[in-house]
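Mapping the sequence shown onto the working numbering, position 85 (from 1) lands on 89, and the numbers just tick up by one. Every residue, glycine too, gets a C-beta built ideally from N, C-alpha and C. Notes to accompany the following structure.
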Amino acid sequence: MMRKRKGYPVYPLTNAQKFHTFYQNFCPKKEVLNIGTSLTIEAELDVDMLRKAIAAAYERCDAMRLRFARDKEGTLYQYIVDKDDREIEYVDFSGKTMEEAAQIMTQWTQVPFKRCDSPMNRVVIIKMPDGYQGLYFLANHMTMDAQSLICFLKDVIEIYCSSMYEGVEYPKAMASYVEQLEKDLAYEAGSKAQQRDREYFEKLIDASEPIYNGVSGRAQLEAERARCGNQALRAAVNVSDSVDSALDVFHLEAEPTKRLLDFCEKHHVSMATLLLMGLRTYFQKMNGNDDVSINTAIARRATLKEKRCGGTRIHSFPFRTVISPEKTFLEGIYEIRNKQNEYFRHANYNPTEYFAYRSKKYPNQPGRTYEPMSLTYQPLTLKDKEMDKLGDIHYKTRWYPNGATTQAMYLTVMHRPDDNGLDFSFEHQVKAVTREQLEYLYYYLCKIMFKGTENPNLPVGDIIKLV
């Protein structure tokens with residue numbers, strides 16, 4: 005007999021959701037799971053029609069109506085309510101400056117959600133001081149990731165456009181969250197696929213112990229070695245005693261971005277592959293190790309149903325490469341691509357299980373790690389055919405920091421909506437990584453990527469010397 009809460013069937017959390025609770029439990033600031041963003045358009049919007057479009061989008065997306073509760077043992081579980089009848093707020097920032105408006109939305113982003121039996125998102129219709137209008141959207145990471153968030157916003161826009169403009173079709177239905185959830189839970193219940201994925205990752209971990217590479221060189225590792233009197237130590241502590249974070253964004257212009265994208269197209273690799281190659285080469289340069297590990301996020305949205313089911317599907321794993329200075333830049337790129345393809349095939353594996361297995365294999369004191377940072381590349385943009393139907397309308401997106409992170413440094417690379425250039429958003433612990441260190445990393449990352457894409461047959465060691 006299926007258990008129910010308030011008349012709704014209940015489900016356990018997926019591994020992707022458990023991964024979020026795993027680090028939220030260590031974090032004194034519970035807003036660490038908040039994702040805040042705004043999308044504004046240079047147009048007069050019909051607020052009533054927009055409210056209706058938002059309500060319709062809620063109805064079409066199960067994950068927007070997710071709720072959590074705890075059982076008697078204190079274990080979290082989830083259920084989906086039929087309706088969300090909340091009044092959609094409207095805030096007019098006309099009398100304020102752009103900075104003041106951004107500050108208010110940043111404050112909204114830093115208010116944690118109530119955990120049990122309450123909505124896990126907030127939508128506010130906003131009018132900005134520059135006359136742009138649109139939405140502020142806040143979601144809890146246990147219910148959405150960047151891809152499902154963008155998917156929801158696109159749905160709102162498409163529903164709105166179809167009711168306002170002739171010849172704009174009503175968007176196709178969203179996919180079922182529950183259907184994907186049940187697939188995930190079946191996989192996690194001891195399937196053959198799960199066993200294959202476990203064997204793949206355990207074999208990777210068993211091969212040998214990784215080594216920590218610091219953002220500014222070997223100082224952290226050497227300090228840790230000295231502290232515990234072990235010169236063979238390969239892990240270091242890179243987080244600070246404070247989870248307070250800042251968001252520093254660097255903008256790569258449209259034209260150089262296009263050169264990088266052209267290289268990716270020509271050599272049949274993804275932008276994520278090129279970014280990984282650039283980052284690992286930077287760490288190789290700074291630390292003198294050919295062996296580099298970086299955490300990478302995998303979206304797990306290969307099928308159309310996965311792309312449109314909402315929810316959170318990201319799994320994050322350490323991505324380790326050993327590339328000798330004699331190998332050419334292009335050989336390194338292909339090595340990363342091949343390994344990424346293997347990862348994608350096994351990405352349903354539980355990341356928490358990965359880290360538990362690794363810490364048993366190579367026991368370290370709590371807080372020590374091999375990875376100096378995490379990388380997410382977000383290919384999805386709002387720039388697509390529905391937006392084109394609005395004619396040449398300008399629009400802006402912005403992310404707001406939640407003010408907390410349990411990692412030293414997390415880089416998200418996304419395309420800007422207005423010119424498709426790249427934004428490099430570094431969320432970092434203020435006491436662990438400085439703005440100056442990030443500027444240095446970003447400067448050399450770009451130099452490495454351009455030198456490598458312009459001279460793909462140059463050995464990695466030469467590129468390191470030349471930049």
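For residue i, count neighbouring C-beta atoms within 10 Å of its own C-beta (all shown protein chains included) and say buried if the count is 16 or more, exposed if not.
i    : result
S249 : buried
K131 : buried
P322 : buried
A236 : exposed
T307 : exposed
Q111 : exposed
H255 : exposed
M148 : buried
E440 : exposed
L470 : exposed
T44  : buried
H350 : buried
H272 : exposed
V51  : exposed
Q344 : buried
C232 : exposed
N293 : buried
M53  : exposed
M102 : exposed
D89  : exposed
K262 : exposed
E35  : buried
R74  : exposed
I397 : exposed
Y164 : buried
D188 : buried
A57  : buried
E186 : exposed
G99  : exposed
Would you mind reading off the limits of the beta strand (DSSP E) that contains residue i?
i    : result
L256 : 249–256
E431 : 426–433
T416 : 413–419
Q28  : Where Q28 is concerned, there is no enclosing beta strand (DSSP E), although the alpha helix (DSSP H) it sits in stretches over 19–28.
T128 : One detail in the question is off: residue 128 reads as Val in this sequence, not Thr. Start and end: 125–131.
I39  : 38–45
A301 : 295–302
Q382 : 378–382
So, under 8 Å CB-CB, residue i and residue j are touching, yes? Tell me the CB distance rounded to an integer number of Å.
i    : j    : result
V437 : A412 : 6 Å
I39  : A105 : Not really, about 19 Å apart at Cβ, beyond 8 Å.
S429 : V253 : 5 Å
Y15  : Y83  : 7 Å
V247 : C31  : 5 Å
T316 : Q137 : In fact, because the Cβ distance is near 29 Å, the residues do not count as touching under 8 Å.
M453 : L278 : 6 Å
Y366 : E228 : Going by Cβ atoms, the distance from Y366 to E228 rounds to 14 Å, so no, they are not a contact pair.
Between the Cα of residue i and those of the options, spot the shortest distance and give me the residue it belongs to.
i    : options                : result
N19  : G315, V219, E330, T356 : T356
P376 : A177, D295, C232, V85  : D295
R55  : C232, L157, L415       : L157
M275 : E77, A73, L445, G425   : G425
L379 : I302, E77, W403        : I302
A47  : E259, K400, D427       : K400
Y381 : N461, P421, L280       : L280
C155 : G314, R119, Y338       : G314
R305 : Y338, F141, N352, P175 : N352
I298 : I215, I92, A258, Q151  : I215
D86  : D96, A59, E77, G99     : A59
Y12  : Y81, P367, H319        : Y81
D96  : Q114, E77, D134, L208  : D134
I467 : Y286, R324, D423       : Y286
K176 : K118, Y448, R64        : R64
T41  : G218, F72, L139        : L139
R284 : P116, R324, L17        : R324
The alpha helix (DSSP H) with residue i in it runs from where to where?
i    : result
E63  : 51–64
E443 : 439–458
P355 : 355–365
I108 : 102–113
S166 : 150–168
V182 : 181–192
E339 : 333–350
F72  : Where F72 is concerned, there is no enclosing alpha helix (DSSP H), although the beta strand (DSSP E) it sits in stretches over 70–74.
F205 : 196–211
D466 : 464–470
May I ask you to check if the CB of residue i is nearer than 8 Å to at least one heavy atom of the ligand ADP?
i    : result
T261 : Only the bare structure without any ligand can be found here, which leaves the ligand ADP out of the picture.
Within 9 Å (strictly less), CB to CB, does residue i reach chain C?
i    : result
D423 : Structure shown: chain C not included; a single protein chain is present.
Task: Cβ pair count under 8 Å reaching 3, the stretch 402–418 against the stretch 355–372 - done: Look at the beta carbons and you see the stretch 402–418 not touching the stretch 355–372: under three pairs across the two are nearer than 8 Å.
TODO: Please determine if the stretch 197–210 and the stretch 223–230 are in contact, where contact requires at least 3 C-beta pairs separated by less than 8 Å.
DONE: No, the stretch 197–210 does not touch the stretch 223–230.
Task: Cβ contact (3+ pairs, closer than 8 Å) linking the stretch 447–462 and the stretch 260–279 - done: They touch, by the three-pair rule.
Task: Cβ contact check for the stretch 329–339 and the stretch 181–191: 3 or more pairs under 8 Å - done: Look at the beta carbons and you see the stretch 329–339 not touching the stretch 181–191: under three pairs across the two are nearer than 8 Å.
Task: Segment contact, 8 Å Cβ cut-off, at least three pairs: the stretch 66–82 with the stretch 112–127 - done: At 8 Å Cβ cutoff, the stretches touch.
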